[in-house]
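K.L.:
Below is the structure I would like to discuss, written out as structure tokens.
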Amino acid sequence: MSFDVVLRSIFSAAFLASVLRISTPLILPALGGLITDLSGAVNIALEGIMLTSAFTGVVVSAYSGSVFLGVLAGVASGVLISFVLGWFHLHLETNIILAGIAINILATGGTIFLLYVLTGDKGNSQSLASGRVPNINIPLIQDIPFLGRVISGQHIFVWLAFILTWLVSIYLYRTPWGTHLRAVGENPQAAETMGINVKRTRMIALLISGFLASFGGMTMSMAYLTIFQREMTAGRGFIALAAVYLGGRKPWGTLLAAILFGFADALSHQLGSLRIPSQLVQTIPYIVTILALVIYNLREQAVKRERRRKFQEQHMQSMASVE
Amino acid sequence: MIRKLYMKPAVREFLRILLAITISLTLGFIITLLVSEDPVGAYKAFLTGPVSRINRTGEWIKEAITLTLLGLSVALVFKAELFSMGAEGQMLLGALVSGTISLFVPLPAILRIPLALFAAMLVGFLFGALPGYLKAHLNANEIVSTLMLNAIALRVYDYFLIFHIKPEGAGYNASDFFPKEGVLPTFIPNVPFLAEAYELFSRRANITIMLYIAIAVVVLVWYLMYRTPFGYELRMLGANMKFARYGGINTKKTVILTFAISGAVAGLAGAHLGMGIHEKLIANITIGIAFEGIVVALLARNNPVAVPFAALAYGYLRAGADIMERSSDVSREMVLVIQAIIILLVTAERVLPIVQQRVNNMRENTKAEAIEEGGQNVI
Amino acid sequence: GPSEPAATPDEPEDVIRVVNLINGVLGDKSFFDSADRGMQRVMADFPQVQVKTIEAGIDPARWQAALEDAAANEEYDVMILGTYQMSEFLEIVAPQYPDKYFIIYDVSVDYTKADLSNVYSVTYKQNEGSYMAGVYVGLMSETGVVGVVGGQDIPVINDFIVGYEQGAREQGVSNVIVQYAGGWNDPAKGKELALAMFQQGADYVFQVAGGTGVGVFEAAQEMGNFAIGVDSDQAQIIAETDPAQAEFIPTSMMKNVDNSLYRAMKMFIEGTLPFGEAEALGVAEGGVGLAKNEYYERMTPDDVKATIEQIEQDLINGSIVVDTVFN
Amino acid sequence: MPPIIELKAIYKIYPNGVMANKGVNFSVEPGEIHALVGENGAGKSTLMKIIYGMEQPTQGQVVVEGLERHFHSSRDAIDAGIGMVHQNFMLVPSFTVAENIVLGQEPTQRGLLNKQKAIDETIQISEQYGLRVEPKAIVDSINVGMRQRVEILKALYRGANILILDEPTAVLTPQETQELFLAIRKLVEQGKTVIFITHKLREVMEVSDRVTVLRQGEVVGTLPTSEATRESLARMMVGRDVLLRVEKPPAQRGRKVMEVQRLTYINDTGRSVLNDVSFNIYAGEILGIAGVEGNGQTELVEIMTGLRPSTSGNALVNGKAVLNKTPREVRMAGVSHIPEDRLTNGLALEASINENLIVDRYFRPPYKKGASIDYKQVAELGAKSIEKYGILTPDGELPVASLSGGNMQKVIVAREFTSDPELLIAAQPTRGIDVGATEFVREQLVKQRTDGTAVLLVSADLGEVMSLSDRIITMFEGEITGVFPDAASVTEEELGLYMLGIKHQSKEEMEELL
Ligand SMILES: Nc1ncnc2c1ncn2[C@@H]1O[C@H](COP(=O)(O)OP(=O)(O)OP(=O)(O)O)[C@@H](O)[C@H]1O
Ligand SMILES: Nc1ncnc2c1ncn2[C@@H]1O[C@H](COP(=O)(O)OP(=O)(O)OP(=O)(O)O)[C@@H](O)[C@H]1O
Ligand SMILES: [Mg+2]
Ligand SMILES: [Mg+2]
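Residue numbers (our numbering), protein chains in the order written: chain H, 91 to 413; chain C, -9 to 369; chain Y, 57 to 383; chain X, 631 to 1144.
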């Protein structure tokens, strides 16, 4: 493919639309990862939660014929499996990382087993007529020339990702519960002595995390695609986890990090059509992420240095003027 | 008396693990009962499979060697309260570099093998130092950087394998078999009075000298961690970073070195995959094992001496599960489910609430006894 | 793996116990599933055959042991396995079990390496089949740009791709976009890659990516473009649940692993299977080809159909030679 | 009136087998200020944690307002109207002061946090009790004195009926202590009850109505404060007579050990924290820094020890520049440092006592032999330190976390005193240490100085500064306001004027004396 075609594709509305599309199943679980992380636990199980919900949503929507019921069941299953994780971690005191790894294995095996029981196929749910969540076309927005084509016609979960980011940031920083959650994550003993129930707070954080990640899973199987494929999350849970830290453990930062990743991924899809070894093109998203990490932190340091220098100068001036 | 014994932490830990294993195996069996027509046979395959045939035992031990190295690599980082998922990338590059040397550097085995192993450790060291450097000097989160570096290493590995190492017209993405000079020798020397054992092992279960190397690495890592100034620095960093700094420890250097040494050990594990197990470089060489070091390290509670035992136990579980799938009607997925349940339960600190209640009651009694005895364990 | 119950003592004497060893997992929507399908048919038609399927998983470190284990198991008479990776192991194992039979597909063992008189190999000229797919999209494409999504950058997949490219270019396609998904179970990625190709002007995309390829179909449907299926008649399969989507899959390039294994087992039962030999199944042998289903019939203009028939004949009589990545 | 709190035959055994309380009977009358005293490790904090629901007694009864209670968590105790200020800080570092104070009981408006109200209430309560804090400051960036005030305000904010104060005055200045006592009296007037732990017997005498003495986990006795004297309490606690005054031979000032020249420091928010600070420290003297918390002492010490970069200036130890060097380099130049916050910098709680003792010397002989650390030597050092400094523990291999607060402090003191320094920088060295041990630490400090070590003493306890120092400098708002070459001849009042910036010596005057 010639370079100018690729370039033209990159500077198109469709490209930005694809960035949003790719980012959504990262943003949602990343928000979940953020909440657990702030409560003081690393949620390695995002992958497993997503897989569980992706599967449940497909199956229930296929058998009930109702997308709504499918989504409901998908959420319930995500929350349920988070509860299992929380129960083992908080009640039986299993190491959270080990428990997370086990949950991922459980979800992988469990979904394939049930898929096979239900459809006789271990690969995907092609034989089930499962539902798709609706797309949203907003009359006015869809007429805006460029932007309209980017954001209009996206499925409901894309919108949800942004709304939930907003809600999560309100929850974390503007409600007492969110404050308790962050306190528990930072100094559980201090929180405990102030009468905050540390275990319960962590459990709630895990359940919310399951709730959010479940939408990530269903984005894969009920919006992006309308099929459940074994292991279809393909490592997105881990990328989501990385987005939490890349985003500086802040809701909007996490969202931006996930979008950055989506952008780099979409970029690699476009550049992939040039005749360059695919292995090299596929490193793009990861190199971009590392660069972002490096640049962000370098900037951070530079800002600090600059500020210190400015203070110093001011100080020297005021000293001089005194003398 | 028995109660006194029960109070001992080591005894309690042992009982806890025993109980956890019993419960999880029972649960596993119940699941097997539900899905198998021959549950006893299936479960027997699971429990005794890895030792039922010499080649299976060989597979188990070989995997345990890799797991040991990986577990050590992760334990080093965890002990410093850092988090690394970077073993995969380090292993891949270790395998790539050692494999390239094994294949192409025309030296006799006595030089080629040490050179390849050293190179694997070196590249692991350098590739591990990278996230360490990013963490120490740029405050870049190590989970992000290690995950990304893995993904990059994987593609770099594939790129070199496919475009530079794979022989022309090969049927799949793999190098040629390593020449004899580039393959790790069997752990039993080929000398006359061991001829039979050598014959048996080299044919049926080619466990290599990496067995000894791994044991040496266990001792070295233990020594490094608990006996050297660097190990002290690493552990203090893990216990309280601010304290370490206050006390004069160069925390940045310690962070970088910790990651780097961890990378070197993972690089060696990568060399084992190429030079000890596959005897060639193949695509997806780390696929089943990349993150298992985390499990092993956590099972061993980051204690290097416990790591080989955790590796043997966990390797046994993995091998047994595999054999159950191969030789019974229990499907692969169910085997995964059983595996997950065992991991969850065996690592539970409080086995089951009911059991815990019992334990509490017993502890209360013991305390009361101690009080009655005038509290002689009071200082 | 999912399979028939193990042998029971009261079964008839002439029972044939077969292991279908899969060095991967089922559900790949590609040749393992196809092999499994073939064996299911064998079991349905020949009651004396019992098949146990073993999924050895995706970790290559496990495969040799799985093969050795299965071969050493006295219960089994015939072992079926596939892929290049396994051929190396088989060359070592088969001579150790001279009284067992091995059928390997998608690759041929190297018969000069050892006494492999108990091994039958069957390979497929996927390059020929996908050459036809290439010719087809070349004739059908209006934009002159077509694409192909491969699962991974591996020789078997590249054998598909070179044939496809050759066919398409010979029909005047200016641009064949090639992308690899890097995995077999990521339909979302498959969809994104196909969408990117459509965006860059392609109107037909061929998928050689197993489960990942499912996303290619969705992309085609969404964009009103077309996708070509692989391995089996995918439009037919999809039509059962999603007839609307099948409308965007005019044909599939078939690689009939199932048929070839069925044929091999049938010959084995009849005692005519040529062990110690390799068979290469191309268009001539019916091992590969295009699916000419109702969609094909409906969506393909007559002149294109005629050309395809002609090409097929040329392939059969050898007047067209297709490039391959294998020597 | 029945007691508001009554503990009956309380036993507490920690999981590691230490019995911290042995059949304690303890009762508190409603409306009284009840002091609880005892040596480090006597079991005071443990007993209070039991009342506050943080620890469960192994045996015995907790009766609150006539009802037997089984508290499973602090939440239960809070609900029963009990509040507690902990010996160690229990703050969330990234939260602001106001957020910490209202944590768990945040004011809300339509379900959302009302941050302004939290700030207003913080200001109000801070003014009401005269405990000065900056509501919007991030806790991580404030000094220990303010942290302590935040802790107290946290408990006051909750309006607890029974207030437990576990060594609240350890890092407060005398003025702040006075303000706290005022607040406590106000509370009692409002009908509340206060339990108060301290090692400063003067405070016991000043504020409490009754006092209970604990020794080795047992109650020695409870008596009305009016019937006690400092000496009698000390004797009850320690079982011997304690010298409450330091005996100090005259100073023999030696060569100049450290020179601090024109040091300035501007922090990340642009505030000038240190402004043109210069002084010298000589061998054989104790130089005391007197100043109200927050006037730059914390930063000065951190800069001098390499924990914080300075903005400009110079610092030399024996002629070698140490400014903006690493802590290791500073230590190698002969400086040792008792930090003001023992839990943040001074100790690694999960590491063993022995390992905490070697952080400044593990890399050199005799602790390093060949490539490894000689743990026999380490164990010896541990055993010696435990004995000499009276660290209450069965074994140096135990984690520091299992020690009582005062014994943790002793570990730090032991390490820094035995490092054979040329300059010893001691911030709050006797914080949380019992009378007997305080006597010992002060003696040691004097002994070090007499043996030729230069000592820089920073303490919130003006009495300590005055009685130990040979020379005193006062600091106000990051500047030195006065130098007093003969500590014995200044009065507390005089110092106070300089500490509050009311008086200021001229540059020339000071230069001479520095
Ligand atoms: N949505 C939430 N997110 C995070 N933490 C929560 C949430 N809901 C409750 N918690 C935490 O769980 C604990 C118990 O909550 P709950 O509302 O049941 O408490 P409660 O005992 O009834 O307290 P209160 O008297 O304040 O209502 C609290 O410490 C709270 O911080
Ligand atoms: N978490 C713990 N685990 C084990 N032992 C502990 C723990 N906390 C305290 N101890 C031990 O219990 C005893 C009493 O400690 P406690 O903290 O109650 O003393 P204290 O009277 O408050 O002393 P200080 O004046 O030093 O604060 C000490 O020997 C201490 O080492
Ligand atoms: Mg409530
Ligand atoms: Mg105490």
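No residue lacks a Cβ here, since even glycine has one placed at the ideal position from N, Cα and C. Model, not experiment: these values are computed from the prediction.
1) Give the secondary structure of residue 75(C) by DSSP, where H, G and I count as helix, E and B as strand, and everything else as coil.
2) For the segment 279 to 299 of chain H, list every residue whose C-beta sits within 8 Å of some C-beta in chain X, in sequence order.
3) Which first and last residues belong to the beta strand (DSSP E) in which residue 1104(X) is found?
4) Taking all protein chains shown into account, do 16 or more other C-beta atoms lie within 10 angstroms of the C-beta of residue 898(X), making it buried, or fewer, making it exposed?
5) Let me see if you follow: with CB-CB separation under 7 Å, is residue 168(Y) close to chain H or not?
6) Strictly below 7 Å CB to CB, what residues from chain X border residue 219(C)?
7) Helix, strand or coil: which one does DSSP assign to residue 358(Y)?
8) Tell me whether the beta-carbon of residue 1108(X) lies closer than 7 Å to the beta-carbon of residue 905(X).
9) To the nearest angstrom, report how far apart residue 234(H) and residue 311(H) are at their CA atoms.
10) Taking 7 Å as the threshold (beta carbon to beta carbon), is residue 780(X) in contact with chain H?
11) Taking Cβ to Cβ, would you say residue 788(X) is nearer than 7 Å to residue 668(X)?
12) What do you reckon, are the CB atoms on residue 143(H) and residue 160(H) nearer than 7 Å?
13) What is the rounded straight-line gap between the Cα of residue 382(H) and the Cα of residue 138(C)?
14) Anyone know if the C-beta pair for residue 602(X) and residue 715(X) falls short of 7 Å?
15) Determine the closest residue to residue 338(Y) out of 299(Y), 115(Y), 197(Y) and 309(Y), with distance taken between C-alpha atoms.
16) Contact check, residue 872(X) vs residue 1065(X) under 8 Å by CB: the rounded distance?
17) Go to residue 1079(X), then tell me how far its alpha helix (DSSP H) extends in each direction, as first and last residue.
18) How would you write the range of the beta strand (DSSP E) that residue 1111(X) sits in, first residue to last?
19) State the DSSP-derived secondary structure class of residue 344(C), mapped to helix, strand or coil.
20) Does DSSP put residue 260(C) in a helix, in a strand, or in coil?
21) Hey, out of 1135(X), 1070(X) and 755(X), whose CA is closest to residue 816(X)'s CA?
22) Is residue 916(X) helix, strand or coil when you go by DSSP?
23) Report the three-state DSSP secondary structure of residue 1020(X) (helix, strand or coil).
24) Buried or exposed, going by whether 16 or more other CB atoms sit within 10 Å of the CB of residue 376(Y)?
25) In terms of alpha-carbon separation, which member of 225(H), 109(H), 128(H) and 169(H) lies closest to residue 242(H)?
26) Determine the contact status of residue 202(Y) and residue 193(Y), defining contact as a CB-CB distance below 7 Å.
27) Kindly examine ligand 2 and report whether one of its heavy atoms sits closer than 6 Å to the Cβ of residue 644(X).
28) Do the CB positions of residue 903(X) and residue 929(X) come within less than 7 Å of each other?
29) So, are the CB atoms of residue 125(Y) and residue 278(C) less than 7 Å apart?
30) Hey, would you say the C-beta of residue 75(Y) is under 6 Å away from at least one heavy atom of ligand 2?
31) Under 8 Å between beta-carbons, which chain Y residues line up against residue 96(H)? List them in chain order, please.
32) What I want to know is whether the C-beta of residue 1028(X) ends up closer than 6 Å to one or more non-hydrogen atoms of ligand 2.
33) In the DSSP assignment, find the alpha helix (DSSP H) that holds residue 796(X) and state where it starts and stops.
34) Residues of chain Y with a CB under 8 Å from the CB of residue 46(C): which are they?
35) Here's a check: name, in chain order, each residue in its chain whose Cβ is nearer than 7 Å to the Cβ of residue 192(C), leaving out the five neighbours to either side.
36) Could you tell me if residue 1129(X) is buried or exposed, where buried requires 16 or more neighbouring beta carbons within 10 angstroms of its beta carbon?
P.N.:
On the basis of the coordinates in this document:
1) Here the question's residue 75(C) lines up with position 85 in the second sequence. Reduced to three states, the DSSP call for residue 75(C) is coil.
2) 279, 280, 281, 282, 283, 284, 285, 286 and 287
3) Numbered from its first residue, the fourth sequence carries residue 1104(X) at position 474. 1101 to 1106 is the span of the beta strand (DSSP E), which, as asked, contains residue 1104(X).
4) On the fourth sequence, position 268 is the one that residue 898(X) refers to. Exposed, by the Cβ-count rule.
5) For the purposes of this step, residue 168(Y) is taken as residue 112 along the third sequence, with counting starting at 1. So, not an interface residue.
6) By 1-based counting over the second sequence, the position of residue 219(C) is 229. Per Cβ cutoff of 7 Å: 992, 993, 998 and 1003.
7) Looking up residue 358(Y) in the third sequence gives position 302. Correct three-state label for residue 358(Y): helix.
8) The residue labelled residue 1108(X) in the question sits at position 478 within the fourth sequence. The residue labelled residue 905(X) in the question sits at position 275 within the fourth sequence. Yes, they are a contact pair.
9) As a position in the first sequence, residue 234(H) is number 144, starting the count at 1. As a position in the first sequence, residue 311(H) is number 221, starting the count at 1. Those two C-alpha atoms are separated by around 30 Å.
10) The count along the fourth sequence starts at 1 and reaches residue 780(X) at position 150. False, the Cβ-Cβ gap to chain H never drops below 7 Å.
11) Working through the fourth sequence from its first residue, we reach residue 788(X) at position 158. Working through the fourth sequence from its first residue, we reach residue 668(X) at position 38. The answer is no: Cβ separation not under 7 Å.
12) Locating residue 143(H) in the first sequence gives position 53, counting from the first residue. Locating residue 160(H) in the first sequence gives position 70, counting from the first residue. Cβ atoms of residue 143(H) and residue 160(H): not closer than 7 Å.
13) Counted from its first residue, the first sequence places residue 382(H) at position 292. Counted from its first residue, the second sequence places residue 138(C) at position 148. Near 12 Å, if we compare the C-alpha coordinates of residue 138(C) and residue 382(H).
14) Residue numbering for chain X in the displayed model covers 631 to 1144; residue 602(X) lies beyond these limits and cannot be assessed.
15) Indexing the third sequence from 1 puts residue 338(Y) at position 282. Residue 338(Y) has its Cα closest to that of 309(Y), out of 299(Y), 115(Y), 197(Y) and 309(Y).
16) Sequence index remark: in the fourth sequence, residue 872(X) carries index 242 (1-based). Sequence index remark: in the fourth sequence, residue 1065(X) carries index 435 (1-based). Residue 872(X) to residue 1065(X), Cβ: 5 Å. Contact.
17) Position 449 of the fourth sequence holds residue 1079(X). Residues 1065 to 1080.
18) Here residue 1111(X) corresponds to residue number 481 of the fourth sequence, with the count starting at 1. Segment 1109 to 1114, the beta strand (DSSP E) holding residue 1111(X).
19) Within the second sequence, numbered from 1, the residue matching residue 344(C) stands at position 354. Low confidence applies to residue 344(C): its pLDDT is 49, below 50, so where it sits in the model is not reliable, and the reading given next is rough at best. It is helical.
20) Along the second sequence, one-based indexing puts residue 260(C) at 270. In the structure shown, residue 260(C) sits in a helix (DSSP, three-state: H, G or I).
21) Working through the fourth sequence from its first residue, we reach residue 816(X) at position 186. It is 755(X) whose Cα lies nearest to the Cα of residue 816(X).
22) For the purposes of this step, residue 916(X) is taken as residue 286 along the fourth sequence, with counting starting at 1. Reduced to three states, the DSSP call for residue 916(X) is strand.
23) Taking the first residue of the fourth sequence as position 1, residue 1020(X) is located at position 390. DSSP places residue 1020(X) in coil when its eight states are reduced to three.
24) Stepping through the third sequence from its first residue, residue 376(Y) is reached at position 320. Counting Cβ neighbours within 10 Å, residue 376(Y) comes out buried, since at least 16 surround it.
25) For the purposes of this step, residue 242(H) is taken as residue 152 along the first sequence, with counting starting at 1. Considering only alpha carbons, the answer is 225(H).
26) As a first step, residue 202(Y) must be located in the third sequence, where it is residue number 146. As a first step, residue 193(Y) must be located in the third sequence, where it is residue number 137. A contact, by the Cβ cut-off of 7 Å.
27) Taking the fourth sequence and counting its residues from 1, one reaches residue 644(X) at position 14. Because some heavy atom of ligand 2 lies under 6 Å away, the Cβ of residue 644(X) counts as near it: yes.
28) Within the fourth sequence, the letter at position 273 stands for residue 903(X). Within the fourth sequence, the letter at position 299 stands for residue 929(X). Yes, these two residues count as a Cβ contact at 7 Å.
29) Residue mapping note: residue 125(Y) aligns to position 69 of the third sequence, counting from 1. Residue mapping note: residue 278(C) aligns to position 288 of the second sequence, counting from 1. Going by C-beta atoms, residue 125(Y) is not nearer than 7 Å to residue 278(C).
30) Looking up residue 75(Y) in the third sequence gives position 19. Checking the Cβ of residue 75(Y) against ligand 2 gives no.
31) Here residue 96(H) refers to the residue found at position 6 when the first sequence is read from its first residue. Correct list: 256.
32) On the fourth sequence, position 398 is the one that residue 1028(X) refers to. No, ligand 2 has no heavy atom inside 6 Å of this Cβ.
33) On the fourth sequence, residue 796(X) is found 166 positions in, with the first residue counted as 1. That residue, residue 796(X), is in no alpha helix (DSSP H); its beta strand (DSSP E) goes 792 to 796.
34) Here residue 46(C) refers to the residue found at position 56 of the second sequence. In chain order: 121 and 125.
35) Here residue 192(C) refers to the residue found at position 202 of the second sequence. Cβ within range, chain order: 176.
36) Position 499 of the fourth sequence, counting from 1, holds the residue named residue 1129(X). Answer is buried; the Cβ neighbour count reaches 16.
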